[in-house]
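K.L.:
The following block contains the structure, expressed as structure tokens.
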């Protein structure tokens with residue numbers, strides 16, 4: 017049985033300051049295919065192009081050239097409102113800085129993507145509570161972000177990313193603000209989510225995190241330097 021492609025990129029180029037003396041190619045022809053259920057790390061140093069690539073994968077930005085299909089939908093030339101709907105349905109985002117709303121408790125933070133999706137209040141509350149339980153935050157769902165540790169905030173952020181049942185969770189340096197033990201616990205949580213079938217893509221500068229995924233794509237100077245399995249098994 018043929019595996020389903022979740023990310024299918026061909027010839028992705030991203031240029032800035034086009035036509036000026038300062039023209040910069042952040043990505044120089046990137047081809048990436050990620051299949052349903054994979055756990056992939058994209059690893060690169062600052063300035064390598066990994067953040068630009070992450071923004072295009074998440075449909076937060078468009079490439080200058082190339083084609084990109086996200087879960088079978090061609091998103092390269094989509095209008096802003098179309099891309100917003102695709103992001104809400106297809107991608108769950110997890111950021112290094114958590115991006116939680118400060119004066120809103122954990123369960124309301126998790127509910128937020130469902131509010132934008134037009135889901136009713138009762139279903140939002142039930143789904144958010146279920147996911148906070150899954151990530152080990154059941155006892156703290158009424159706490160504000162300022163009352164939570166870094167690891168707890170990231171667990172809330174992961175629950176929020178999962179809440180619309182996305183095809184892919186895209187995580188940008190998700191352990192960057194955490195101590196090593198808490199970071200390991202967060203990576204273990206990603207593995208558990210992946211084992212349930214959700215595709216995970218982590219973007220990081222940390223080679224160790226790259227090697228903890230099941231596949232590691234290394235990016236250097238806007239191009240794919242290597243793409244290989246790590247040998248990590250389920």
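Numbering (our numbering), first residue to last: 17 to 250. All C-beta atoms in this analysis are idealised placements derived from N, C-alpha and C, irrespective of residue type, glycine included. As the structure is a prediction and not an experimental result, all values here were calculated from the model.
#1: Beta-carbon separation of residue 106 and residue 68 under 8 Å?
#2: In terms of alpha-carbon separation, which member of 204, 185, 115 lies closest to residue 248?
#3: Please give me, in chain order, every unbroken run of the alpha helix (DSSP H) with length at least 4 that falls completely inside the stretch 49-107.
#4: Given a threshold of 16 other Cβ atoms within 10 Å of its Cβ, counted over all protein chains shown, does residue 113 qualify as buried or as exposed?
#5: May I have the straight-line CA-CA distance separating residue 227 from residue 244, to the nearest angstrom?
#6: In the DSSP assignment, find the beta strand (DSSP E) that holds residue 24 and state where it starts and stops.
#7: Consult DSSP for residue 188 and reduce its assignment to one of helix, strand or coil.
#8: So does the stretch 60-79 actually touch the stretch 132-150, counting three or more Cβ pairs closer than 8 Å?
#9: Who pairs with residue 242 in a beta bridge, going by DSSP?
#10: Taking the continuous beta strand (DSSP E) assigned at residue 220, which residues delimit it?
#11: Starting from residue 210, trace the alpha helix (DSSP H) both ways and give me its first and last residue.
#12: In whole angstroms, give me the CA-to-CA distance for residue 44 and residue 235.
#13: According to DSSP, residue 44 sits in a beta bridge with which residue or residues?
#14: List in chain order: all unbroken alpha helix (DSSP H) runs of 4+ residues lying wholly within the stretch 121-163.
#15: Take residue 206 and list the residues in its own chain whose beta-carbon comes closer than 6 Å to its own, dropping the five residues that flank it on each side.
#16: Terminal residues of the continuous alpha helix (DSSP H) containing residue 112?
#17: With a threshold of 8 Å on Cβ separation, who are the neighbours of residue 229 within its own chain once the five nearest residues in sequence on each side are excluded?
#18: What's the call for residue 199, buried or exposed, on a 16-neighbour Cβ count within 10 Å?
#19: Report the CB separation of residue 172 from residue 122 in whole angstroms; it is logged as a contact under 8 Å.
P.N.:
Here's the rundown:
#1: no
#2: 204
#3: 66-73, 96-106
#4: exposed
#5: 10 Å
#6: 21-32
#7: strand
#8: no
#9: 234
#10: 215-220
#11: 196-211
#12: 11 Å
#13: 29
#14: 122-132, 137-150
#15: 216
#16: Taken as a continuous stretch (DSSP letters only), residue 112 belongs to no alpha helix (DSSP H), as it is neither H nor E.
#17: 55, 56, 57, 216, 218, 246, 248
#18: buried
#19: 5 Å
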